[in-house]
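Reviewing the structure listed below.
Number of protein chains: 2
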Amino acid sequence: MKDILRNIGIISRALDSISNIEFKELDLAKGQFVYLVRICENPGMIQEKLAEILKIDRTTTARAIKNLEKNGLIIKKTDPNNQKNKLLFPTAEGQAIYPFIIRENEHSNAVALQGLTEEEIDVLVGLLERVKDNISHDWLRVKKGYKREY
Amino acid sequence: MKDILRNIGIISRALDSISNIEFKELDLAKGQFVYLVRICENPGMIQEKLAEILKIDRTTTARAIKNLEKNGLIIKKTDPNNQKNKLLFPTAEGQAIYPFIIRENEHSNAVALQGLTEEEIDVLVGLLERVKDNISHDWLRVKKGYKREY
DNA sequence: TCCTTTTTGTTGCAAATGCAACATAATTTA
DNA sequence: TAAATTATGTTGCATTTGCAACAAAAAGGA
Numbered sequence: 001m002k003d004i005l006r007n008i009g010i011i012s013r014a015l016d017s018i019s020n021i022e023f024k025e026l027d028l029a030k031g032q033f034v035y036l037v038r039i040c041e042n043p044g045m046i047q048e049k050l051a052e053i054l055k056i057d058r059t060t061t062a063r064a065i066k067n068l069e070k071n072g073l074i075i076k077k078t079d080p081n082n083q084k085n086k087l088l089f090p091t092a093e094g095q096a097i098y099p100f101i102i103r104e105n106e107h108s109n110a111v112a113l114q115g116l117t118e119e120e121i122d123v124l125v126g127l128l129e130r131v132k133d134n135i136s137h138d139w140l141r142v143k144k145g146y147k148r149e150y
Numbered sequence: 001m002k003d004i005l006r007n008i009g010i011i012s013r014a015l016d017s018i019s020n021i022e023f024k025e026l027d028l029a030k031g032q033f034v035y036l037v038r039i040c041e042n043p044g045m046i047q048e049k050l051a052e053i054l055k056i057d058r059t060t061t062a063r064a065i066k067n068l069e070k071n072g073l074i075i076k077k078t079d080p081n082n083q084k085n086k087l088l089f090p091t092a093e094g095q096a097i098y099p100f101i102i103r104e105n106e107h108s109n110a111v112a113l114q115g116l117t118e119e120e121i122d123v124l125v126g127l128l129e130r131v132k133d134n135i136s137h138d139w140l141r142v143k144k145g146y147k148r149e150y
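Chains A and B supply the protein sequences, listed in that same order. Under the UniProt record's numbering, think of the first position of the first sequence as 1, with each following residue one higher. Under the UniProt record's numbering, think of the first position of the second sequence as 1, with each following residue one higher.
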């Protein structure tokens, strides 16, 4: 079977490191922009869900969130219906940064998709969505200590 | 334009963290398997080229290589034609680990591609190849300090 | 040839990353 | 209801990660 892992990894690392370099201007530490974007788009989320959506380790997420809060970009509020949950919201400053992140991401996305037709882009988006769904289950299981057989 | 960055990142992180967990059995530290695979497949490469192909920071690559050498999985040999270059080769132990990495990667790849037809896989592989080529240039430039305008 | 630039490699340091291991609230089960 | 399990969050610690900043060899230019 043909391999997609290698190029997926290469593309991901390339775009990620470009973003991290470019977001130093915004005083965003490595890796933080992904969290901020999601919190801006889904205010009221909890850490655990965010980690699961992004497929980032729970504890790494916890610390990134802590830093975002320390830097005044988000705020945690205890869920009144569930003392255990801490809901995440962007601050005004966080919301102010959001469009800059989007603009950069859209540029990178446009560069990545150069030369592809609209149809090809649609196909690619659809296939990646399916791949993501395929892999999500294993990720959760393996993170929880389940051992895959192969 | 539709976005592919987010799902690419999610898929990449998911597969990567699964691999890193599963390769603890092989005493491979986080991130190391990608280097070892490439060195096994392209013996005699230099660090700089490896970093560029993988799109990983030069200094991070240098340290990963150092660890692989410390753990006896690869060996560096100074290029007789160029004192500055250190050629990378797998040791017997490194070569012994290689098939286990491949087997795991093939399994993850198969899981990722579940439900896709041969044609769809071919299309996906082709499109990802083009995306990778599109982004490579920017990555190199940005890493070298060039500022993108957008 | 000599000087400048590029290529390749390393190290200091600060930070992010992630496995264990824990704490506590909520939920499920007996 | 009480006990066991799950969900969510945190911290300790060892490690990787990556920007600066440097070193030295090679390549290019005048």
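Glycine is no exception: its CB is placed at the ideal position from the N, C-alpha and C atoms.
Roughly how many angstroms separate the alpha carbons of residue i and residue j, rounded to a whole number?
i: residue 147 of chain A; j: residue 141 of chain A; result: 8 Å
i: residue 128 of chain A; j: residue 92 of chain B; result: 37 Å
i: residue 122 of chain B; j: residue 103 of chain B; result: 21 Å
i: residue 39 of chain A; j: residue 32 of chain A; result: 11 Å
i: residue 145 of chain A; j: residue 63 of chain A; result: 22 Å
i: residue 41 of chain B; j: residue 61 of chain B; result: 17 Å
i: residue 120 of chain B; j: residue 13 of chain A; result: 24 Å
i: residue 82 of chain A; j: residue 43 of chain A; result: 17 Å
i: residue 80 of chain B; j: residue 126 of chain B; result: 38 Å
i: residue 143 of chain A; j: residue 84 of chain A; result: 22 Å
i: residue 137 of chain B; j: residue 34 of chain B; result: 21 Å
i: residue 3 of chain A; j: residue 3 of chain B; result: 22 Å
Quick one, are the C-beta atoms of residue i and residue j less than 8 Å apart?
i: residue 71 of chain B; j: residue 114 of chain A; result: no
i: residue 5 of chain A; j: residue 15 of chain B; result: yes
i: residue 45 of chain B; j: residue 109 of chain A; result: no
i: residue 88 of chain B; j: residue 65 of chain B; result: yes
Give every residue of the same chain whose Cβ lies closer than 8 Å to the Cβ of residue i, excluding the five residues on either side of it in the sequence, and list them in chain order.
i: residue 36 of chain A; result: 28, 68, 73, 74, 90, 94, 97, 98 and 101
i: residue 139 of chain B; result: 55
i: residue 112 of chain A; result: 11 and 15
Determine the closest residue to residue i out of the options, with distance taken between C-alpha atoms.
i: residue 18 of chain A; options: B/48, B/56, B/4 and B/3; result: B/56
i: residue 106 of chain B; options: A/149, A/86, A/81 and A/119; result: A/149
i: residue 117 of chain A; options: B/87, B/116, B/112 and B/131; result: B/131
Once the 5 residues before and after residue i are set aside, which same chain residues still bring their CB inside 6 Å of it?
i: residue 20 of chain B; result: 30
If you drop the 5 nearest sequence neighbours on each side, which residues of the same chain put their C-beta closer than 7 Å to that of residue i?
i: residue 58 of chain A; result: 48 and 51
Examine the ligand SAH and report whether any of its heavy atoms sits within less than 7 Å of the Cβ of residue i.
i: residue 146 of chain A; result: This structure does not include the ligand SAH; it has no bound ligands of any sort.
Could you tell me whether the segment 76 to 96 of chain B touches the segment 13 to 32 of chain B, using the rule of 3 or more Cβ pairs below 8 Å? no
I'd like to know if the segment 46 to 63 of chain A and the segment 6 to 15 of chain B are in contact, where contact means that at least 3 CB-CB pairs between them fall below 8 Å. Yes, the segment 46 to 63 of chain A is in contact with the segment 6 to 15 of chain B.
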